[in-house]
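Asker: Got a structure for you, written out below as structure tokens; questions coming shortly.
Protein chains: 2
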Amino acid sequence: MQPFDKRLDSLLAAAAKTFAERGYHATSMRDLARASGFSLAGMYHYVESKQELLFQIQDRCFVLVLEGARAAVATAPDPESRLRAFIRHHVTFFASHMAEMKVLAHEEDELTGTMRAHVRRRKKEYVGLLTELLTDVPGEHADPHIAAYALFGMMNWIYTWYHPAGPTPPAALADELASLFLDGYIAAHHATPRLVATLGG
Amino acid sequence: MQPFDKRLDSLLAAAAKTFAERGYHATSMRDLARASGFSLAGMYHYVESKQELLFQIQDRCFVLVLEGARAAVATAPDPESRLRAFIRHHVTFFASHMAEMKVLAHEEDELTGTMRAHVRRRKKEYVGLLTELLTDVPGEHADPHIAAYALFGMMNWIYTWYHPAGPTPPAALADELASLFLDGYIAAHHATPRLVATLGG
DNA sequence: ACTTCCCCCGAACGATCGTTCGGACGGGTG
DNA sequence: CACCCGTCCGAACGATCGTTCGGGGGAAGT
Numbered sequence: 073m074q075p076f077d078k079r080l081d082s083l084l085a086a087a088a089k090t091f092a093e094r095g096y097h098a099t100s101m102r103d104l105a106r107a108s109g110f111s112l113a114g115m116y117h118y119v120e121s122k123q124e125l126l127f128q129i130q131d132r133c134f135v136l137v138l139e140g141a142r143a144a145v146a147t148a149p150d151p152e153s154r155l156r157a158f159i160r161h162h163v164t165f166f167a168s169h170m171a172e173m174k175v176l177a178h179e180e181d182e183l184t185g186t187m188r189a190h191v192r193r194r195k196k197e198y199v200g201l202l203t204e205l206l207t208d209v210p211g212e213h214a215d216p217h218i219a220a221y222a223l224f225g226m227m228n229w230i231y232t233w234y235h236p237a238g239p240t241p242p243a244a245l246a247d248e249l250a251s252l253f254l255d256g257y258i259a260a261h262h263a264t265p266r267l268v269a270t271l272g273g
Numbered sequence: 073m074q075p076f077d078k079r080l081d082s083l084l085a086a087a088a089k090t091f092a093e094r095g096y097h098a099t100s101m102r103d104l105a106r107a108s109g110f111s112l113a114g115m116y117h118y119v120e121s122k123q124e125l126l127f128q129i130q131d132r133c134f135v136l137v138l139e140g141a142r143a144a145v146a147t148a149p150d151p152e153s154r155l156r157a158f159i160r161h162h163v164t165f166f167a168s169h170m171a172e173m174k175v176l177a178h179e180e181d182e183l184t185g186t187m188r189a190h191v192r193r194r195k196k197e198y199v200g201l202l203t204e205l206l207t208d209v210p211g212e213h214a215d216p217h218i219a220a221y222a223l224f225g226m227m228n229w230i231y232t233w234y235h236p237a238g239p240t241p242p243a244a245l246a247d248e249l250a251s252l253f254l255d256g257y258i259a260a261h262h263a264t265p266r267l268v269a270t271l272g273g
């Protein structure tokens, strides 16, 4: 890897961390200079603007989740385990790239023009992948589009509360969320009591 | 209602709309003046700072959801229907107060000092209410804390994609999300095919 | 008529923003 | 040696930020 790319990577990593902590608009280029060790003007040797920093972070992160998700899904034999593999991958990837994924989820609408369109296209691809997986599951169930957004909400929301170093390791969280979505909070484990309670009410 | 409070309300409403559209930090006081019809300096007659605008929006909104949720839950006879009532209320309230709820969900960490602590307390109260409802549901199920955050994620994420005037009315969305969370995406409607597919794989 | 008080605003304040400019430094290359 | 080029930065640019200042207008009270 060329020294240029190495330096750019370290800049992007520092920027992602700072954007995640303080938010895109609340972070100044001077903050980023301080956090990255670059000088204020020095950063412009690697990037054209503050917005391009956000774009690079989001685009690179999207490429990684996308190819990771495709790889995770590829080995699964049936629709449900493909869905489970997608969820597992998304959550564990999120947990191991917290800063970048928070920036991806939380600063969605801050890009403009071509960069915005570019990231939108990637997002559409990723959402489309999940929607397909949901549609492929046999049986009559909730609207796949609503289900996809509900699932993404469940998974992406973790940046507001989850700490990978806390009591729940990422893999355990992934399994919990996968089961919660796939099996349901009540019905899967206690279908009968629920029905009784419903009929009794 | 005093004219002062009426004017303040219209300022807060315009501010909530603008914050929701452009984000808190990306919105200038001049933007708010333009959107509300006040003059730049005139707004400071009703509010001490830009941050207090955000605080008032968030605090008032939290008071409304909290008392609305308590009222919705109060009439339900059993734990599961209380939970369902909470979800229904949260989603329909969200849909009818999109701007304020987006600001509440998306600009969570922008307050500082006393205002931050104040809103945090309200949030803790609201999260605590849902956690209790989840804990009250009989049977062994997922960790209520994780389930609470997962459910909030599912519900709060709607500000990123849902349009109340679109094909899915708020009440229908509320029911879809409630069923999705309570009954599960697969197991509740198709427990057997799911088991077969899993065993077959 | 005079005072009071709330409501309101044009204009300006100092600070900070993203970005740019002109040049310094150092290691190849001729 | 001179020359170039990738790397880097101190200092400054104009713009815009949140906020404040000093005062005007108009209704109410006396």
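Respectively, the protein sequence lines represent chains Y and L.
73 is the number of the first residue of the first sequence in the working numbering; add one for each residue after it.
73 is the number of the first residue of the second sequence in the working numbering; add one for each residue after it.
Glycine included, C-beta positions come from ideal geometry on N, C-alpha and C.
(1) Taking C-alpha atoms, which residue in A92/L, R94/L and S108/L lies nearest to K78/L?
(2) Could you check the C-alpha separation between V163/L and H169/L for me, to the nearest Å?
(3) Y118/L CB to nearest chain Y CB: under 9 Å?
(4) Locate the alpha helix (DSSP H) running through S251/L, then write down its first and last residues.
(5) Do L252/L and F253/Y have their C-beta atoms closer together than 9 Å?
(6) With 16 other CB atoms within 10 Å as the buried threshold, where does Q74/L fall?
(7) For G200/Y, go through chain L and note every residue whose CB falls closer than 7 Å to its CB, in chain order.
(8) Identify every run of the beta strand (DSSP E) within the stretch 142 to 171 of chain Y, keeping only runs that are complete inside it and at least 3 residues long; order them along the chain.
(9) With respect to the alpha helix (DSSP H) encompassing M187/L, which residues constitute its N-terminal and C-terminal limits?
(10) Short of 8 Å in beta carbon distance, which residues of its chain neighbour D103/Y, apart from the five on each side in sequence? Order them along the chain.
(11) With a threshold of 8 Å, establish whether the CB of M187/Y neighbours any heavy atom of the ligand PLP.
(12) Looking at D215/Y: is its Cβ nearer than 9 Å to the Cβ of R154/Y?
(13) Give me the residue from H97/Y, T232/Y and D150/Y with the minimum Cα distance to E182/Y.
(14) Assuming F110/Y is part of the alpha helix (DSSP H), what are its boundary residues?
(15) Would F158/L count as contacting chain Y if we go by Cβ distances under 9 Å?
(16) State the Cα-Cα distance for the pair D247/Y and P236/Y, rounded to the nearest angstrom.
(17) Counting only beta-carbon separations shorter than 9 Å, does C133/Y have a partner in chain L?
(18) Quick one: using the 10 Å Cβ neighbour count with 16 as the cut-off for buried, is R192/Y buried or exposed?
(19) Could you check where the alpha helix (DSSP H) with P75/Y kicks off and where it finishes?
(20) Can you tell me which of the three DSSP states A214/Y falls into?
(21) Using the C-alpha atoms, what's the distance from A171/L back to Y116/Y?
(22) With a CB to CB cut of under 7 Å and the five nearest residues on each side skipped, what residues in its chain are close to F166/L?
Answerer: Looking at the atomic coordinates:
(1) S108/L
(2) 10 Å
(3) no
(4) P242 to D255
(5) At the C-beta level, L252/L and F253/Y come within 9 Å of one another.
(6) exposed
(7) What G200/Y touches in chain L: nothing, since even the nearest Cβ is about 14 Å away.
(8) none
(9) In the DSSP annotation of this structure, the continuous segment of the alpha helix (DSSP H) that includes M187/L starts and ends at G185 to D208.
(10) T90 and R94
(11) The model on display carries no ligand, and the ligand PLP is accordingly not part of it.
(12) no
(13) H97/Y
(14) No alpha helix (DSSP H) contains F110/Y, which DSSP labels as neither H nor E.
(15) no
(16) 14 Å
(17) Chain L, which has no Cβ nearer than 9 Å to the Cβ of C133/Y, makes this no.
(18) exposed
(19) P75 to R94
(20) If DSSP states are grouped into helix, strand and coil, A214/Y belongs with coil.
(21) In a straight line, the C-alpha of Y116/Y is about 36 Å away from that of A171/L.
(22) M173, M227 and I230
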